[in-house]
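For the sequence shown, the UniProt record's numbering begins at 1 and goes up steadily by one.
Reading through the structure tokens given below for one structure.
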Amino acid sequence: MWPDNRLTERLGLTHPIIQAPMAGASSPAMAAAAANAGALGSIGAALMSAEDLHAAWAEARGATNGGLQLNFFCHQPPKRDAAREEAARARLAPYYEEFGLGAPTEPTASPPFDEARLEATLEAAPVAVSFHFGLPERALLQPLKDAGIFIICSATSPNEAEALEAGGVDAIIAQGWEAGGHRGVFDPSTGPGEMGTMALVPAIVDRVSVPVIAAGGIGDGRGVAAAMMLGAAGAQLGTVFLTSPESLVGAPHKAALLASDGSDTTVTSAFSGRPARSIRNRYVRETEDMLPADFPLMNPLTRPLRSASSQAGSGDFMSLWSGQAVSLNRDEGTAAIVTRIAEEALALLKR
């Protein structure tokens, strides 16, 4: 028996564990496997068109009747700065030449959660929808709430958490500094959101009334149990699933994860224009002083390099997203990961 059943009862889960919705890395097969094991399976739809979202949802739902959620970005439109964007292209040009990619082109921005994605989400009718980088405007959020969809959003500080509760969320992900991938920070006064998970969770639990979900630096049952002892109602894990067979990341990324002890990760904005935790590689080291184009304009500028590096079997220019608990990763299937971690956590909580 879990000490807090608010998430399991509301979302129809066996375990208060969320497989993180890692856009471009998680897959419908991963989401379905997590759901079948009793966790909340997630589809990272932030970079998907409405059509791709429909296809991914159909694939996942066709493989499970368990709990599934969709996740979206709610970033602000980028601040266009021609000089800054040209400087970023010039900085990347030698790398493009190295891979024979020609010259970097004018970047275009991927849109945040919008009407088309709202319509596709309402049609899919997931049990939950989660957001990163804040919440969408009320006109886009209210239809989800009216449909009875559970709303989750990431916070990197107590102030952000209070803002999310006031905005109508049903649960808050307390994303600690240890987490891999993009920081969910949306309050500029917070900076990159540098509070660690074990400090952030109780600070947020003490400030809000909705369930808090711990994320960042959690890779086994010990982390889940510790988070719940601090007042979390559940835990979201991402990096631990990246080395599963259901993961979409390339072989160089998986190899880097399995070889890492976590000390070689760092937060960089050089891939996308927003702070994100990655394993250090050649690109990260050589762009430490770079002023990137604003998010998400940097994404299309680095995408050709990331793809070419992966195709060459090299991780030198890939975004090797990883949390600090990566030393706990194994070559293990998604369902087995969920079951093992749940059993580990329950055994510890019963002591």
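Positions of the beta carbon are idealized from the N, C-alpha and C atoms, including for glycine.
These figures come from a predicted structure and were not determined experimentally.
Buried or exposed: which applies to S154, given that a residue is buried once 16 or more other Cβ atoms fall within 10 Å of its Cβ?
Classification of S154: buried, given that the 10 Å Cβ count is 16 or more.
By a C-beta neighbour count over all protein chains shown, 10 Å radius and 16 as the cutoff for buried, is P252 buried or exposed?
Buried.
How is the alpha helix (DSSP H) around N36 delimited, first residue to last?
First-last of the alpha helix (DSSP H) with N36: P28 to N36.
Short of 8 Å in beta carbon distance, which residues of its chain neighbour M195, apart from the five on each side in sequence? Order them along the chain.
Excluding sequence neighbours, M195 sits near T156, S157, G176, W177 and A203.
Compare the C-alpha of T121 against each of T105, I151, S310 and F271 and name the closest.
Cα-wise, what sits closest to T121 is I151.
Note down, in chain order, each residue of its chain lying with its Cβ closer than 8 Å to the Cβ of residue 352, except the 5 sequence neighbours on either side.
No answer is possible for residue 352: the residues shown for the chain start at 1 and end at 351.
At which residues does the alpha helix (DSSP H) containing R303 begin and terminate?
Where R303 is concerned, the enclosing alpha helix (DSSP H) stretches over M298 to Q311.
Let me know the secondary structure DSSP gives F150 once reduced to three states.
Three-state DSSP puts F150 in a strand.
Who are the Cβ neighbours of P3 in its own chain at under 8 Å, not counting the five residues just before and after it?
The answer, listed in chain order, is M228 and L349.
CB I213 to CB I149, shorter than 8 Å?
No. Outside cutoff.
Which of helix, strand or coil does DSSP assign to F72?
Reduced to three states, the DSSP call for F72 is strand.
Pull up the distance between the alpha-carbon of T167 and that of R84, whole angstroms please.
It should be pointed out that residue 167 corresponds to Gly in this sequence rather than to Thr. In a straight line, the C-alpha of G167 is about 34 Å away from that of R84.
Output the boundary residues of the alpha helix (DSSP H) element that contains V284.
Note, V284: alpha helix (DSSP H), R282 to E286.
Restricting to Cα atoms, I'd like to know which of A37, M30 and P21 is closest to T14.
Cα-wise, what sits closest to T14 is A37.
State the DSSP-derived secondary structure class of S322, mapped to helix, strand or coil.
In this structure, S322 counts as coil in the three-state DSSP scheme.
Just to confirm the assignment, what range does the alpha helix (DSSP H) spanning G221 have?
Per DSSP, G221 belongs to the alpha helix (DSSP H) from G221 to M229.
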